[in-house]
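K.L.:
First residue of the sequence shown? That's 1 in full-length UniProt numbering, and the numbers climb one at a time after it.
Heads up, the beta-carbon is just placed ideally off N, CA and C, and yes, glycines get one too.
Nothing here was measured: the structure is a model prediction, and the numbers come from that model.
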Amino acid sequence: PLLVQRTIAKQIQMIQQVGKGRYGEVWMGKWRGEKVAVKVFSTPEEASWFRETEIYQTVLMRHENILGFIAADIKGTGSWTHLYLITDYHEKGSLYDFLQYTTLDN
Numbered sequence: 001p002l003l004v005q006r007t008i009a010k011q012i013q014m015i016q017q018v019g020k021g022r023y024g025e026v027w028m029g030k031w032r033g034e035k036v037a038v039k040v041f042s043t044p045e046e047a048s049w050f051r052e053t054e055i056y057q058t059v060l061m062r063h064e065n066i067l068g069f070i071a072a073d074i075k076g077t078g079s080w081t082h083l084y085l086i087t088d089y090h091e092k093g094s095l096y097d098f099l100q101y102t103t104l105d106n
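#1: If I measure Cβ to Cβ from residue 52 and keep anything under 7 angstroms in the same chain, skipping five residues before and after, which residues do I get?
#2: Tell me whether the beta-carbon of residue 18 lies closer than 7 angstroms to the beta-carbon of residue 39.
#3: Going by beta carbon distance, what residues of the same chain come within less than 8 angstroms of residue 70, once the five residues before and after it are set aside?
#4: State the DSSP-derived secondary structure class of residue 34, mapped to helix, strand or coil.
#5: At 4 residues or longer, and completely inside the UniProt domain "Protein kinase" (12-106): list those alpha helix (DSSP H) runs for me, N to C.
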């Protein structure tokens, strides 16, 4: 629901940073007792945050093999703004990380 998306940033407890990239940081957080991934964009990267949010909100993007989108939100004060993209959390990291560090037995 839209209301959840507009208030979720205040409800998330940020636990630990698990990654950093060109557009921001990725944190493991807790929301309603569950682990979530929180991608935090800074204001200069607003266009990237908006594009990613639009993609995740596309109905066709809902599939068990695609990272689950929970919400997008904006959190800030008068001096700074952070743009949040909240998704399911996966202990083993990204697909890239998994493929990079996992060997398959024949």
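P.N.:
Inspection of the coordinates gives the following:
#1: Cβ neighbours of residue 52 beyond the five flanking positions: 85.
#2: Taking 7 angstroms as the Cβ cut-off, residue 18 and residue 39 do not qualify as a contacting pair.
#3: Only 8, 31, 36, 86, 87, 88 meet the Cβ criterion.
#4: If DSSP states are grouped into helix, strand and coil, residue 34 belongs with the strands.
#5: Taking only runs of at least 4 residues, the alpha helix (DSSP H) segments lying wholly in the UniProt domain "Protein kinase" (12-106) are 46-57, 95-101.
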